[in-house]
Ligand SMILES: N[C@@H](CCC(=O)N[C@@H](CS)C(=O)NCC(=O)O)C(=O)O
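Residue numbers (this note's numbering): 1224 to 1483.
Structure follows, in structure tokens:
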């Protein structure tokens, strides 16, 4: 069972991360259902870093901290010690350099490093492109997605209603655009095709680059987490090797997780 991460299927239980005494405050500006934000959350938890989440209104984005001129007003954004880092890949690289303790995202072996980078690129360029189509592709799903966002935020009543209504519309349009860009294929078939790739890369290994979890695992597991509340999750957990891998990475996250 995927939801019981310490089951026999999961196997190893990593030791909790030992952090330096003075860990700076970290704030993650995010959308609850953004797969890039899920990637970063997986990384923060796997590193054992406490962080505060700030839900950003997808329409006004007024919660965002000041960003460098000319950079897109997109989430995730991480603020740490007065420094603002944008872009999920840049944030995970930053975290690995700044907090080398605990799980290392980037292996020292050059072949594994190249592989884990390739997998992370696949997460951004293919997997994350397909996920919105199975989350928001149908009106009912888009409305549910907007409700998840509104439920998990601390928006006031009016903003909440706007996020539910406007959010569903925006999310549905995003999904429709992706489907069109990808030749009008059925969203579930597109997800199955990405799952096929991931399953073959994983093979019988515990993690995508072998015995140790790396960046590729954190990025992919984080991204998959955003479909957990949706029917498409069944496609993910129907594959025993992927389900066991997902749970293994979840153990690392839960062992190390610290929420501020
Ligand atoms: N390359 C960026 C992509 C981030 C991104 O596209 N974020 C989306 C949410 S999933 C966003 O903020 N969209 C708002 C907009 O485009 O206005 C990353 O890896 O963080």
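Even glycine gets a Cβ: it sits at the ideal position worked out from N, Cα and C.
This one's a predicted model, so the numbers in the text were calculated from it and none came from an experiment.
Among the options, whose alpha-carbon lies nearest the alpha-carbon of residue i?
{"i": "residue 1333", "options": "1290, 1437, 1461", "result": "1437"}
{"i": "residue 1449", "options": "1251, 1263, 1247, 1248", "result": "1263"}
{"i": "residue 1397", "options": "1356, 1380, 1377, 1426", "result": "1356"}
{"i": "residue 1250", "options": "1432, 1405, 1272", "result": "1272"}
{"i": "residue 1325", "options": "1298, 1270, 1428, 1261", "result": "1270"}
{"i": "residue 1465", "options": "1453, 1454, 1431, 1476", "result": "1431"}
{"i": "residue 1367", "options": "1380, 1391, 1375", "result": "1391"}
{"i": "residue 1321", "options": "1266, 1276, 1439, 1287", "result": "1266"}
{"i": "residue 1440", "options": "1339, 1373, 1377", "result": "1339"}
{"i": "residue 1211", "options": "1346, 1247, 1423, 1358", "result": "Here the chain comprises residues numbered 1224 to 1483, so residue 1211 is not present and cannot be evaluated."}
{"i": "residue 1341", "options": "1481, 1462, 1424, 1247", "result": "1424"}
{"i": "residue 1253", "options": "1335, 1372, 1247", "result": "1372"}
{"i": "residue 1278", "options": "1291, 1261, 1292", "result": "1261"}
{"i": "residue 1304", "options": "1284, 1290, 1247", "result": "1247"}
{"i": "residue 1284", "options": "1442, 1385, 1337", "result": "1385"}
{"i": "residue 1290", "options": "1310, 1275, 1370, 1282", "result": "1310"}
{"i": "residue 1395", "options": "1374, 1377, 1369, 1434", "result": "1369"}
Sort out for me which residues DSSP pairs residue i with in a bridge.
{"i": "residue 1276", "result": "1251"}
{"i": "residue 1430", "result": "1433"}
{"i": "residue 1309", "result": "1300"}
{"i": "residue 1481", "result": "1273"}
Give the C-beta separation of residue i and residue j to the nearest angstrom, bearing in mind that I take them to be a contact with Cβ-Cβ under 8 Å.
{"i": "residue 1382", "j": "residue 1479", "result": "Rounded, the Cβ-Cβ distance is 33 Å, inconsistent with contact."}
{"i": "residue 1417", "j": "residue 1315", "result": "In fact, because the Cβ distance is near 20 Å, the residues do not count as touching under 8 Å."}
{"i": "residue 1364", "j": "residue 1453", "result": "6 Å"}
{"i": "residue 1472", "j": "residue 1413", "result": "The pair is not a contact, with the Cβ atoms about 23 Å apart (cut-off 8 Å)."}
{"i": "residue 1186", "j": "residue 1295", "result": "Within the shown structure, residues of the chain are numbered from 1224 to 1483, placing residue 1186 beyond reach of any answer."}
{"i": "residue 1308", "j": "residue 1287", "result": "Not a contact, Cβ separation roughly 13 Å."}
Practice item. Report all residues for which the CB-ligand distance to some heavy atom of ligand 1 is below 5 Å; order them along the chain. Key: 1257, 1259, 1297, 1298, 1310, 1311
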